Amino acid sequence: MRTAKELLGKRDQTVWSLRPQDSVYDALQVLAQHNIGAIVVRDGDKLVGILSERDYTRKIALTGRNSRETAVSEIMTHNVFSVGPQTTVPDCMALMSQKRIRHLPVVSQGQVLGMLSIRDIMDDIIADHERTISQLQTFITS
């Protein structure tokens, strides 16, 4: 089974992040610029939260708050679930499903290595199923 580290190795290694004191508006610009749905929030090198599009819609847009005047720390998700680099894809999927989260930071020795999305996990699971089907078809026809 593939690991979180292997999935991260298949894509851009850049870890986009914000500081807790950055404005939500600045966060939205970063999300849009890099076409991502969530971003890690760090205080120095320490992971202190995640800010997602869902946080914005529920805590800014629906409440009428101003994104230029609101700090990321006011709306970010503080209780961050993360995995280590050797966590398997099925274990990542189980955690994401159980906790109802769509983004999962991969952390090693306090350093954020990257972030997996539910799409990354699903793409890998689908590719694995396709490989299995192909192998079974080859076995059956040989």
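All you need for our numbering is the position in the sequence shown, starting with 1, plus 182.
Built from N, CA and C at the ideal position, the CB exists for glycine as well.
Small disclaimer: the values here were computed from a predicted structure and weren't measured.
Exercise. Could you please give the first and the last residue of the uninterrupted alpha helix (DSSP H) stretch that includes M258?
Key: M258 -> no alpha helix (DSSP H), and no H or E assigned at all.
Practice problem: Write down every uninterrupted run of the beta strand (DSSP E) in the region 227–314 whose length is 3 residues or greater and which is fully enclosed by it, in chain order. | Solution: 228–234, 285–290, 293–299
Quiz item: For I322, which residues does DSSP report across the bridge?
Solution: Paired residue(s): none; I322 is not in a bridge.
Practice problem: Determine the direct distance from the alpha carbon of L318 to that of D237, and round the result to whole angstroms. | Solution: 43 Å
Quiz item: When we look at the beta-carbon of H285 and count the other beta-carbons within 10 Å, is it buried (16 or more) or exposed?
Solution: buried
Exercise. Going by CA-CA distance only, name the one from K187, V294, T185 that's closest to L200.
Key: V294
Practice problem: Please state whether DSSP places D208 in a helix, a strand or coil. | Solution: helix
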